[in-house]
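*Asks:*
Residue numbers (our numbering), protein chains in the order written: chain R, 35 to 325; chain X, 78 to 352.
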């Protein structure tokens, strides 16, 4: 996908580094990748803890009809991503059964949203003929065409999402683990669950503009799932998540730069290898590994 | 922070609750003195868990009055430790027992834990203290989903205790435990009640494991509730009057009580859907 003319991997790593940052588009790809990895990791950690991966996956897919619809209407795809992802998050929150905070109960409502969103995507694509090239970018991302302006938007939205997450971090952890007791302690369980879905929608909308609607889910689910296998300490677990997200993103970008294959494949494969490795480690040392 | 020992921790007058068009209970009069260990008994669907939620202010009364620790229900929840019915953590939940206890201490506060070293050390000391109190030190650092049901129950009791509450509400904490664990947890709860002067309201399906420790029982039935000492309440005469149907209380030779004829199937572990 990349294979920039003249980019050759050598065993002189310093030279490779120089090549890697030779072009502004690569610098911006690293900037965007870094922001995306941190935000997706932190939000994804709660998503995995709350067993809301299905909601996250659906929100990721919803970005596709959102962007396709926006392009059909002739407005920026950014509006489509944010509008549809946040709208779908609110819809999922509204469809969720009133009683019980059991996350299993919300799955049918989410499935309904996902099926409808995909149908809309097909409609928008067929309405806008000649759009077919764009689908590729919507699904698989456009890491290499990131502008300075986009990096700035990423930074602002990402910073806002992380700030909001930090502000509600503790009560959110409480309701995720123990909603009944949290409610008795005066925590606004339902409000927090709506807020979290909106944050998830915002994050997905922002991340998928860079990564595409398919890769965003990999960054949301794989690093936290790996970290939660490795440790049961919440703080350490979030930190490991962010580190894994950064490593696989940077590594994926670097490897893709020197090969003709897509970035998304490498990022996902490295994350997958990390998860399998962590699972093997746990299985092998179940007795030894402490919490 | 403790209420005076003579005051009632819970005082209900002619209270009633309707949920979804159905009267859960009505004409409920209840007075639970502070510092006592009280069991809430009754058949399936009698509204035992609903009573607990009413005390917490999570379910509103439709009639009558209720005062909890001398205030409106819900107003003094920070002085109440609550252990909901039948929670077991997902086996895949990768959070330690100490974290669950710690959330009981400050999990409702906004933001991330403040890094101040003294504050953190203080919090950790309190968490260690309650974990010691319930003898959970051996497994509190393991992921809570991986420890046994009895061990989880102790972690949750520690969580309920960590803020030094004036009252504990325990909703069927013995359920789903094996008999030795039932006896051990019952003894533990009673020890805490006496040592800390705490009011304890425990919903129970089977009174026998806690019978030796109880000060009072409140028996919920179709016509309201009867309160009093176990000897007064759990008798053929009282219960027959409460349910308006002949009920027999048998005394086994080992001191256990068997209630025969109350309107429910005689199994122990069936009221999973009571809310």
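Even glycine gets a Cβ: it sits at the ideal position worked out from N, Cα and C.
Quick one, which residues of the region 260-284 of chain R are near chain X if we go by CB-CB under 8 Å, in chain order?
*Replies:* Residues 262, 263, 265, 266, 267, 268 and 271.
*Asks:* So with Cβ pairs under 7 Å, would you call residue 250 (chain X) a contact of chain R?
*Replies:* For the purposes of this step, residue 250 (chain X) is taken as residue 173 along the second chain, with counting starting at 1. With 7 Å as the cut-off, residue 250 (chain X) does not count as an interface residue toward chain R.
*Asks:* Look at the alpha carbon of residue 203 (chain X) and the alpha carbon of residue 234 (chain X), and state the distance between them as a whole number of angstroms.
*Replies:* Reading the second chain from its first residue, position 126 is the one you call residue 203 (chain X). Reading the second chain from its first residue, position 157 is the one you call residue 234 (chain X). Whole-angstrom Cα-Cα distance: 14 Å.
*Asks:* At least one CB of chain X closer than 7 Å to the CB of residue 205 (chain R): is that the case?
*Replies:* One-based indexing of the first chain puts residue 205 (chain R) at position 171. Yes, contact with chain X.
*Asks:* With distances taken from CA atoms, which of R:103, R:68 and R:127 is nearest residue 234 (chain R)?
*Replies:* On the first chain, position 200 is the one that residue 234 (chain R) refers to. Selected option, being the one with the closest Cα: R:127.
*Asks:* Bridge partners of residue 142 (chain X), per DSSP?
*Replies:* As a working note, residue 142 (chain X) is residue 65 in the second chain. Answer is X:90.
*Asks:* Within 7 Å of any Cβ in chain C, is that where the Cβ of residue 96 (chain X) sits?
*Replies:* Going by chain labels, chain C is absent from the structure shown, which instead holds the protein chains R and X.
*Asks:* Among the candidates X:92, X:105 and X:109, whose CA atom is the shortest distance from the CA of residue 275 (chain X)?
*Replies:* Translated into positions along the second chain, residue 275 (chain X) becomes position 198. The shortest C-alpha separation from residue 275 (chain X) is found at X:109.
*Asks:* Within 8 Å, do at least three Cβ pairs link the region 295-307 of chain X to the region 130-139 of chain X?
*Replies:* No, the region 130-139 of chain X is not in contact with the region 295-307 of chain X.
*Asks:* Restricting to Cα atoms, I'd like to know which of R:130, R:250 and R:148 is closest to residue 176 (chain R).
*Replies:* Counting from 1 along the first chain, the entry for residue 176 (chain R) is found at position 142. Looking at the Cα atoms, R:250 is the closest of the given residues.
*Asks:* Hey, would you say residue 208 (chain R) sits closer than 7 Å to residue 180 (chain X), going by beta carbons?
*Replies:* For the purposes of this step, residue 208 (chain R) is taken as residue 174 along the first chain, with counting starting at 1. For the purposes of this step, residue 180 (chain X) is taken as residue 103 along the second chain, with counting starting at 1. It is a contact, given that the beta carbons lie within the stated cut-off.
*Asks:* Please classify residue 206 (chain X) as buried or exposed, where buried requires at least 16 neighbouring CB atoms within 10 angstroms.
*Replies:* The residue labelled residue 206 (chain X) in the question sits at position 129 within the second chain. Residue 206 (chain X) should be labelled exposed.
*Asks:* Kindly indicate if chain X contains any beta-carbon less than 7 Å away from that of residue 219 (chain R).
*Replies:* Counting from one through the first chain, the residue named residue 219 (chain R) turns up at place 185. Yes, its Cβ sits closer than 7 Å to a Cβ of chain X.
*Asks:* Let me check understanding here. Comparing Cα to Cα, which of R:92, R:292 and R:281 lies closest to residue 326 (chain R)?
*Replies:* This structure leaves residue 326 (chain R) out entirely; chain R is present only between 35 and 325.
*Asks:* With DSSP collapsed to three states, give me the class of residue 228 (chain X).
*Replies:* Working through the second chain from its first residue, we reach residue 228 (chain X) at position 151. Three-state DSSP puts residue 228 (chain X) in a helix.
*Asks:* Please confirm if residue 200 (chain R) has its CB atom under 7 Å from at least one CB of chain X.
*Replies:* Residue numbering aside, residue 200 (chain R) sits at position 166 when the first chain is read from its first letter. At least one chain X Cβ lies under 7 Å of residue 200 (chain R).
*Asks:* Please report the residue range of the alpha helix (DSSP H) in which residue 214 (chain R) lies.
*Replies:* If you number the first chain from 1, residue 214 (chain R) lands on position 180. Here the alpha helix (DSSP H) through residue 214 (chain R) covers 213-218.
*Asks:* Which full runs of the alpha helix (DSSP H) of 4+ residues lie inside the region 210-290 of chain R, going along the chain?
*Replies:* Counting only runs of 4 or more, we get 213-218 and 223-264.
*Asks:* Given residue 95 (chain R), which residues of its chain have a CB within under 7 Å of its CB, disregarding the five upstream and five downstream residues?
*Replies:* In the first chain, residue 95 (chain R) corresponds to position 61, counting from 1. Here the set comprises 148, 151, 152 and 247.
*Asks:* Give the residues of chain R in contact with residue 101 (chain X), contact being defined as C-beta atoms less than 9 Å apart.
*Replies:* The sequence position of residue 101 (chain X) within the second chain is 24, counting from 1. What residue 101 (chain X) touches in chain R: nothing, since even the nearest Cβ is about 15 Å away.
*Asks:* Run through chain R and tell me which residues come within less than 7 Å of residue 159 (chain X), C-beta to C-beta.
*Replies:* Counting from one through the second chain, the residue named residue 159 (chain X) turns up at place 82. Result: 215 and 218.
*Asks:* Just how far apart, CA to CA, sit residue 62 (chain R) and residue 43 (chain R)?
*Replies:* Taking the first residue of the first chain as 1, we reach residue 62 (chain R) at position 28. Taking the first residue of the first chain as 1, we reach residue 43 (chain R) at position 9. When rounded, the distance between both Cα atoms is 20 Å.
*Asks:* Contact criterion: CB-CB distance below 7 Å. Does residue 88 (chain R) meet it with respect to chain X?
*Replies:* By 1-based counting over the first chain, the position of residue 88 (chain R) is 54. So, not an interface residue.
*Asks:* Taking the Cβ atom as the reference point for each residue, do residue 185 (chain R) and residue 66 (chain R) lie within a distance shorter than 7 Å?
*Replies:* Residue numbering aside, residue 185 (chain R) sits at position 151 when the first chain is read from its first letter. Residue numbering aside, residue 66 (chain R) sits at position 32 when the first chain is read from its first letter. Taking 7 Å as the Cβ cut-off, residue 185 (chain R) and residue 66 (chain R) qualify as a contacting pair.
*Asks:* For residue 77 (chain R), go through chain X and note every residue whose CB falls closer than 8 Å to its CB, in chain order.
*Replies:* In the first chain, the residue the question calls residue 77 (chain R) occupies position 43. By Cβ distance, chain X contributes nothing, its closest Cβ being about 15 Å from residue 77 (chain R), past 8 Å.
*Asks:* Could you name the residues that DSSP lists as bridge partners for residue 220 (chain X)?
*Replies:* The residue you call residue 220 (chain X) lines up with position 143 of the second chain. Paired residues: X:173.
*Asks:* Reducing DSSP to helix, strand and coil, say where residue 166 (chain X) ends up.
*Replies:* As a working mapping, residue 166 (chain X) is identified with position 89 in the second chain. Here residue 166 (chain X) sits in coil by DSSP.
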